[in-house]
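Undergrad: Going down the list, the sequences are from chains Y and P.
The opening position of the first sequence corresponds to residue 318 in this note's numbering, with each subsequent residue numbered one higher.
The opening position of the second sequence corresponds to residue 3 in this note's numbering, with each subsequent residue numbered one higher.
Even glycine gets a Cβ: it sits at the ideal position worked out from N, Cα and C.
Keep in mind the model is a prediction, meaning the values are calculated, not measured.
Handing you this structure, nothing more for now.
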Amino acid sequence: MKALSIQQLSKVYDNGIKALDSIDLDVEQGDFFALLGPNGAGKSTTIGVITSLITKNSGQVTVFGHDLDTETELAKSHLGLVPQEFNFNGFEQVKAILITQAGYYGMPAHEGEPRADKLLHQLGLWEKRDTPSRALSGGMKRRLMIARALIHNPKLLILDEPTAGVDIELRRSMWGFLQDINDQGTTIILTTHYLEEAENLCRNIAIIDQGNIVENTDMKSLLNRLDKEVFILDLAEPLTTELKLDNMHIAKIGSSTLEVEIKKEQALNDLFTNLSEQGITVTSMKNKANRLEALFLSLVEKTVDK
Amino acid sequence: MPTQRQHHWVALSTLLTREIRRFIRIWPQTLLPPAITMTLYFVIFGNLIGQRIGEMSGFAYIEYIAPGIIMMAVINNAYANVASSFFSAKFQNHIEELLIAPIPNHLILAGYVMGGVARGLLVGIIVTIVALFFTKLHVQHLFITLSMVILSAVLFSLGGFINAIYGKSFDQIAIIPTFILTPLTYLGGIFYSIDLLPEFWQQASLFNPILYMVNAFRYGILGVSDIPVGLAFGVIMLFIVGLASFALYLLNRGTGLRH
Chain Y
318 MKALSIQQLS
328 KVYDNGIKAL
338 DSIDLDVEQG
348 DFFALLGPNG
358 AGKSTTIGVI
368 TSLITKNSGQ
378 VTVFGHDLDT
388 ETELAKSHLG
398 LVPQEFNFNG
408 FEQVKAILIT
418 QAGYYGMPAH
428 EGEPRADKLL
438 HQLGLWEKRD
448 TPSRALSGGM
458 KRRLMIARAL
468 IHNPKLLILD
478 EPTAGVDIEL
488 RRSMWGFLQD
498 INDQGTTIIL
508 TTHYLEEAEN
518 LCRNIAIIDQ
528 GNIVENTDMK
538 SLLNRLDKEV
548 FILDLAEPLT
558 TELKLDNMHI
568 AKIGSSTLEV
578 EIKKEQALND
588 LFTNLSEQGI
598 TVTSMKNKAN
608 RLEALFLSLV
618 EKTVDK
Chain P
3 MPTQRQHHWV
13 ALSTLLTREI
23 RRFIRIWPQT
33 LLPPAITMTL
43 YFVIFGNLIG
53 QRIGEMSGFA
63 YIEYIAPGII
73 MMAVINNAYA
83 NVASSFFSAK
93 FQNHIEELLI
103 APIPNHLILA
113 GYVMGGVARG
123 LLVGIIVTIV
133 ALFFTKLHVQ
143 HLFITLSMVI
153 LSAVLFSLGG
163 FINAIYGKSF
173 DQIAIIPTFI
183 LTPLTYLGGI
193 FYSIDLLPEF
203 WQQASLFNPI
213 LYMVNAFRYG
223 ILGVSDIPVG
233 LAFGVIMLFI
243 VGLASFALYL
253 LNRGTGLRH
């Protein structure tokens, strides 16, 4: 079953900007889906239309088979949203925000309260349950928005750049949490600027640019399209002699650091054999850039060229 | 499995509870000022100046103005509650919590209006207690008194809601109360009977909806009114239906809320 189906969706803002140009998009139930695109590409407009915060000009949106126009309440009841900007009442206490949101979804307080307690524990906010939300740190506010979006057990969770401005440690713990709830059956749609995040978490991906879907495929197929990769190698000792590698582009970027470009058809084993023969020991190796980033840039640049 | 009606009831009561919790949490801004202001009205207009004015429509002046002062407090607070609460929700973007939830627009409107009515009535009770320190109030027609105060609070809550929908800044939220509501209130027969006015101004006063509320409410308490009470109810109901329809139209359209 499709968790989300978008057909021929268009949006032109009052100022004439065409944010979405008749896009189609399907997300299967249980998927962890990435919606990527540069700033102003149409990601937030798409999410805004799905969550009823933005009115569309034309097209159809269905959530778990329920049309957003004709079965609005049913469609909305399946959705949870973690927006990009903080949007809770700064004067309300953390737990009260969750219980109130549960009530908006028809959950009475005796059901909402234990659910809120569970989420507060899971997201490390229990100690702050009686604190007004404005007094929380940025990371805690992000976690509160996730707890609020999950309070009514939505089947489809949409996160609009949930880890923006979050430190690495917290970002990793949020990734773990999101993976857990996806494993438990919640479909997740994620927009992010951290392409590493999309690559690590998501199984399928759509790239949107200038209001059009320019790519919509599974992550593995997309990454397979890379025809070359660049690696950074740290050497045990500084290089003293000229280095020669057959059919591989190599550059010395420090006394004991190399940058090597390897084509898709070339094997890494050949590289290491070659280096070993020349008496060079490699202590560590890493990708120069995130693989998805390279693809993303090439796809977006293509649409600019058009 | 809860029915849709039960879902709606929980959502509405949640919204109303949140509204009541809000104005009680900030009671020094919402409940205390009307008590102080209305005490000053009773001291200055009722006791000090009122003693020199003498009787009006057969009642001591302070007794005559008491219903109007109570009504003024009710409508001002009903209006202010919805205008400030809904505008703050827009300003802080937490109105999105409601907009994404499966709550029909008429329940969102009902929840905010009921919150405004709740504050209006609570302030009305506070001001009535204050009034009893200065004068006696023997309610002549209880049903008319209660229904008029509730309908007036509903009407002004709807006005506050529409103001908040259009408002883009806190200044714009203050413009209507300052330049429209306050003059209409003072010219709405709180402090005088329109019989005292020249013929032209008597007729002009009939276009002021607050005149109908104040007089019908005064009739409920004192048994005297410048306006036929049936007409007053009719006018107020007409305004309520008109404003409620317009507010719902704006909500459905997403004016000021959805891009």
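Tell me the DSSP bridge mates of P:V151?
TA: Answer is none; P:V151 lacks a bridge partner.
Undergrad: Tell me Y:Q410's beta-bridge partners as DSSP assigns them.
TA: Y:P449
Undergrad: Would you check if the region 426–444 of chain Y and the region 478–485 of chain Y touch, i.e. whether three or more CB-CB distances between them fall below 8 Å?
TA: no
Undergrad: Please say whether P:N49 and P:F172 have beta carbons closer to each other than 8 Å?
TA: no
Undergrad: Identify which residue in P:Y251, P:R255, P:L224 has its Cα closest to the Cα of P:Y66.
TA: P:L224
Undergrad: Using a 10 Å radius around the Cβ and a threshold of 16 neighbouring Cβ atoms, would you call P:A276 buried or exposed?
TA: No answer is possible for residue 276 of chain P: the residues shown for chain P start at 3 and end at 261.
Undergrad: Can you list, in chain order, the residues of its chain with a C-beta nearer than 8 Å to that of Y:K623? Leave out the 5 residues immediately preceding and following it.
TA: Because the pLDDT of Y:K623 is 45, which lies under 50, any placement of that residue in the model is unreliable, and the number read from its coordinates should be weighed accordingly. Same-chain partners within the cutoff: there are none.
Undergrad: Could you list the residues in the region 332–353 of chain Y with a C-beta less than 8 Å from some C-beta on chain P, going in chain order?
TA: Listed in sequence order: no entries.
Undergrad: Since Y:V577 and Y:I567 are thought to touch, with beta carbons under 8 Å apart, how far apart are those beta carbons, to the nearest angstrom?
TA: 5 Å
Undergrad: With a 10 Å radius around its C-beta and 16 neighbouring C-beta atoms as the bar for buried, classify Y:G382 as buried or exposed.
TA: exposed
Undergrad: Is any heavy atom of the ligand ATP found at a distance shorter than 7 Å from the C-beta of Y:K435?
TA: With respect to the ligand ATP, the structure offers nothing, as it holds no ligand at all.
Undergrad: Could you check where the alpha helix (DSSP H) with Y:D434 kicks off and where it finishes?
TA: 426–439
Undergrad: Any beta carbon of chain P sitting closer than 8 Å to that of Y:N586?
TA: no
Undergrad: Does the CB of Y:Y511 have a neighbour CB from chain P at under 8 Å?
TA: no
Undergrad: Identify the residues that DSSP records as bridge partners of Y:V366: which are they?
TA: DSSP lists no partner for Y:V366.
Undergrad: Rank P:L157, P:I164, P:P36 by C-alpha distance to the C-alpha of P:F89 and give the top, closest one.
TA: P:I164
Undergrad: Could you pull the start and end residues of the beta strand (DSSP E) that Y:V378 belongs to?
TA: 375–380
Undergrad: Closest to P:L18 by C-alpha separation, out of P:V84, P:M150, P:Y43, would be which residue?
TA: Nearest neighbour of P:L18 by Cα position, chosen from P:V84, P:M150, P:Y43, turns out to be P:V84.
Undergrad: Kindly indicate if chain Y contains any beta-carbon less than 8 Å away from that of P:Q31.
TA: no
Undergrad: Measure the C-alpha to C-alpha separation of P:Y251 and Y:G493 and round it to an integer number of angstroms.
TA: 44 Å
Undergrad: Please confirm whether P:R121 has its beta-carbon closer than 8 Å to some beta-carbon of chain Y.
TA: Answer no: the Cβ-Cβ gap between P:R121 and chain Y never drops below 8 Å.
Undergrad: Measuring alpha carbon to alpha carbon, tell me which residue in P:L111, P:K92, P:P104 is nearest P:Y168.
TA: Ranking P:L111, P:K92, P:P104 by Cα distance to P:Y168 puts P:K92 first.
Undergrad: Comparing alpha-carbon positions, which option in Y:P355, Y:E390, Y:L461 lies nearest Y:F613?
TA: Y:P355
Undergrad: First and last residue of the alpha helix (DSSP H) that includes Y:D497?
TA: Per DSSP, Y:D497 is one residue of the alpha helix (DSSP H) stretching across 485–500.
Undergrad: Taking the continuous beta strand (DSSP E) assigned at P:I128, which residues delimit it?
TA: Looking at the DSSP string, P:I128 is not in any beta strand (DSSP E); the run it does join, the alpha helix (DSSP H), is 107–134.
Undergrad: Answer with yes or no whether the minimum CB distance from Y:N404 to chain P is below 8 Å.
TA: yes
Undergrad: Taking Cβ positions only, does P:N95 come closer than 8 Å to chain Y?
TA: yes
Undergrad: Less than 8 Å between the C-beta atoms of Y:L370 and P:R260, yes or no?
TA: yes
Undergrad: Do Y:K545 and Y:K581 count as a contact pair if the criterion is CB distance below 8 Å?
TA: yes
Undergrad: Suppose you measure from the CA of Y:D384 to the CA of Y:T368; what does that come to, to the nearest Å?
TA: 12 Å
Undergrad: Could you tell me the boundaries of the alpha helix (DSSP H) in which P:S247 lies?
TA: Annotation for P:S247: the continuous alpha helix (DSSP H) segment containing it runs 231–255.
Undergrad: Please report the residue range of the beta strand (DSSP E) in which Y:K580 lies.
TA: 574–580
Undergrad: Please tell me whether Y:G637 has its Cβ less than 8 Å away from any Cβ of chain P.
TA: Past the edges of chain Y, shown from 318 to 623, lies residue 637 of chain Y, and the structure says nothing about it.
Undergrad: Take the Cβ of P:I177 as the centre, count every other Cβ of all protein chains shown within 10 Å, and call the residue buried at 16 or more, exposed below.
TA: Note on P:I177: under 16 other CB atoms within 10 angstroms of its CB, so exposed under the neighbour-count rule.
Undergrad: Taking 8 Å as the CB-CB limit, is Y:T417 close to chain P?
TA: yes
Undergrad: In three-state DSSP terms, what is Y:G571?
TA: Strand at Y:G571.
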